[in-house]
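Novice: First, the structure itself, so that you have it in front of you.
Residue numbers (UniProt numbering), protein chains in the order written: chain A, 1 to 269; chain B, 1 to 269.
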């Protein structure tokens, strides 16, 4: 058995080595032995892949440092960090107010901000503040149909690109992001809503996504719904949607039909 | 030859397959055949590594989008984008002036900025502007020993985390970064200077790095110099440095000695 020509696996220079040494392949990553049919990469490619991974990780570290540098303290954070007697000025030059947030009686709490930041993050604020409109003169931007908490989180996101989300907050912020054309925030909320999508909330999410042009959420919801058409008409929200906005229901059926046609074509080819 | 038990490489279920199929390993990455001694990973680890790489790339895309969102237009960019008759207000509330930039006669050109940005990026500006010092009251920050171009690039970096560097600009910005404690910029300049390090500029770079506490550059320069001790005393800048700052020369010899000792210990073990 010492010199049968097995295949390339047997080393040409291995005559003096033991058979097991010459013929065993051990994965450099998991350290397990493996057979030819389970071969992944050669050593050279393995090492290259390792270098690529290291490079990508370095790039990530660099980008994280850049984010940390560019990220603002929010003027809200700052007010909380300072002592009550000396919160420290942060030079805000504008306030945002949730002027009909539904809490009766109490005057709305203004959210301080900087025109320069608002203008930089949102083309709508830019047009509003650079064109000497009422908001620019008064230094007060009134925002309707929003809670104080959502407005605060919205302003905070403009400074930090961060937000703590639950489903309600993601919907509230998505609406604000759409209204003020803050694309990055809209994408952030959309990803969150897609991650929370399930059969129970699929129809409501679909209708919400439709109303606010959230394409990522819309596609995900539509895909989930059309995968479960047998259960659709039994859903409580289905009848409500037929009543309230039948065009949306039509679009579901259209998507289902188109999916069926595509599947048929796919099978034929 | 059909059923010799070669090793794990021969599939137990491969009796009907041709020998070459069963026994050849082909790298999934470069598609070349390879021998056992050149084995890298098994298939499972190869696929996992591929997924990891995809994940890292997605993370990079997300971080890049975040940087693009957090990045400011610089107030300088903006002035250039607007038309000359209507540059568009960007609400600057402070100007920086290079007040002795060496150009005689002409009044210095102020560089507009926002207090909120300066305070956010530099603890020195923060102390200066939040504590009702002269600069805060007057809205003018005078900066000495700097050219208008470097000051402009400095302010631009505070908004964008970007700068176009040559060696002179990297040195100028490093000095400003050190003075105003802008760590991210200092690191950016240090990396650039290390990439430009060579034998010709090694001594000057070493002295510069020493003067401005640029540790990354200092270590790289010292390593290059101590690798070429035989040529050191022949350098023109060497004699100049001995004259001007002999302690720095002593540190080079100390580093060389310490390197020799370490190498000896390493050899012994």
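Here a beta-carbon is modelled for each residue, glycine too, at the ideal position from N, C-alpha and C.
Using beta carbons (cut-off 7 Å, strictly below), is residue 38 of chain B in contact with chain A?
Specialist: Yes, because at least one Cβ of chain A sits closer than 7 Å to the Cβ of residue 38 of chain B.
Novice: So what's residue 96 of chain A in DSSP terms, helix, strand or just coil?
Specialist: DSSP places residue 96 of chain A in strand when its eight states are reduced to three.
Novice: Using the rule of at least 16 other Cβ atoms within 10 Å of the residue's Cβ for burial, across every protein chain shown, is residue 85 of chain B buried or exposed?
Specialist: Because the pLDDT at residue 85 of chain B is just 42, under 50, the model does not fix this residue reliably, and the value given afterwards should be weighed accordingly. When all chains shown are included, residue 85 of chain B counts as exposed.
Novice: Have a look at residue 36 of chain B and residue 24 of chain A and give me their C-alpha separation to the nearest angstrom.
Specialist: Roughly 7 Å between the two C-alpha positions.
Novice: How would you call residue 116 of chain A, buried or exposed, if buried means at least 16 neighbouring beta carbons within 10 angstroms?
Specialist: Residue 116 of chain A should be labelled buried.
Novice: So if DSSP puts residue 111 of chain B in a beta bridge, which residue, or which two residues, is it bridged to?
Specialist: Partner(s): B/96.
Novice: Let's see if you can read the secondary structure: which residues bound the beta strand (DSSP E) around residue 50 of chain A?
Specialist: Not the beta strand (DSSP E): residue 50 of chain A falls in the alpha helix (DSSP H), residues 43-70.
Novice: Got a sec: is the Cβ-Cβ distance from residue 29 of chain A to anything in chain B below 7 Å?
Specialist: Judged by the 7 Å Cβ criterion, residue 29 of chain A is in contact with chain B.
Novice: In this structure, how does DSSP classify residue 150 of chain A when only helix, strand and coil are distinguished?
Specialist: Three-state result, residue 150 of chain A: helix.
Novice: Should the stretch 56-70 of chain B be called in touch with the stretch 144-151 of chain A, which here means at least 3 C-beta pairs below 8 Å?
Specialist: With a cut-off of 8 Å, the stretch 144-151 of chain A and the stretch 56-70 of chain B do not count as touching, because too few Cβ pairs lie within range.
Novice: Identify the continuous beta strand (DSSP E) that holds residue 140 of chain A and give its terminal residues.
Specialist: Unbroken beta strand (DSSP E) run through residue 140 of chain A: 140-143.
Novice: From residue 230 of chain B to residue 245 of chain B, what does the alpha carbon distance come to, in whole angstroms?
Specialist: Roughly 21 Å separates the two Cα atoms.
Novice: Less than 7 Å between the C-beta atoms of residue 210 of chain A and residue 178 of chain A, yes or no?
Specialist: For residue 210 of chain A and residue 178 of chain A, no; Cβs fall outside 7 Å.
Novice: If I'm right that residue 56 of chain B touches residue 53 of chain A with Cβ under 8 Å, what's the distance once you round it to whole angstroms?
Specialist: Confirmed, Cβ separation roughly 7 Å.
Novice: Starting from residue 171 of chain B, trace the alpha helix (DSSP H) both ways and give me its first and last residue.
Specialist: Residues 167-179.
Novice: Quick check on the DSSP output: the alpha helix (DSSP H) that includes residue 219 of chain A runs from which residue to which?
Specialist: Its alpha helix (DSSP H) spans residues 215-226.
Novice: With a threshold of 7 Å between beta-carbons, can residue 191 of chain B be considered close to chain A, or not?
Specialist: No - not a single Cβ of chain A is within 7 Å of the one on residue 191 of chain B.
Novice: For a cutoff of 7 Å on Cβ pairs, would you count residue 140 of chain A as touching chain B?
Specialist: No, residue 140 of chain A does not count as interfacial toward chain B.
Novice: Is residue 116 of chain A helix, strand or coil when you go by DSSP?
Specialist: Of the three classes helix, strand and coil, the one that applies to residue 116 of chain A here is helix, per DSSP.
Novice: Applying the 10 Å Cβ sphere with the 16-neighbour rule, what's the burial state of residue 128 of chain B?
Specialist: That one is buried.
Novice: With a CB to CB cut of under 7 Å and the five nearest residues on each side skipped, what residues in its chain are close to residue 46 of chain A?
Specialist: Correct list, in chain order: 28.
Novice: Strictly below 7 Å CB to CB, what residues from chain A border residue 164 of chain B?
Specialist: Under the 7 Å cutoff, chain A gives no residues; its nearest Cβ is about 16 Å from residue 164 of chain B.
Novice: Looking at the structure shown, is residue 264 of chain A part of a helix, part of a strand, or coil, going by DSSP?
Specialist: Helix.
Novice: Name, please, each residue of chain D whose Cβ falls closer than 7 Å to the Cβ of residue 64 of chain A.
Specialist: The structure shown contains no chain D; its protein chains are A and B.
Novice: Tell me whether the stretch 64-76 of chain B and the stretch 125-141 of chain A touch, counting them as touching only if at least three CB pairs, one residue from each stretch, are closer than 8 Å.
Specialist: The stretch 64-76 of chain B, when compared against the stretch 125-141 of chain A, does not touch it at the 8 Å Cβ threshold.
Novice: In this structure, what does DSSP give as the bridge partners for residue 33 of chain A?
Specialist: DSSP lists A/26 as partners of residue 33 of chain A.
Novice: Show which residues of chain A have a CB atom less than 8 Å away from the CB atom of residue 71 of chain B.
Specialist: Going along chain A in sequence order, the residues near residue 71 of chain B (Cβ under 8 Å) are 70.
Novice: With distances taken Cα to Cα, identify the nearest neighbour of residue 91 of chain B among A/49, A/66, A/136 and A/70.
Specialist: Of the listed residues, the one whose Cα sits closest to residue 91 of chain B is A/136.
Novice: Measuring straight from C-alpha to C-alpha, what distance separates residue 176 of chain B and residue 154 of chain B?
Specialist: Residue 176 of chain B and residue 154 of chain B: Cα-Cα distance of roughly 7 Å.
Novice: Which term fits residue 190 of chain A, buried or exposed, when burial requires 16 or more other beta carbons within 10 angstroms of its beta carbon?
Specialist: It counts as buried.
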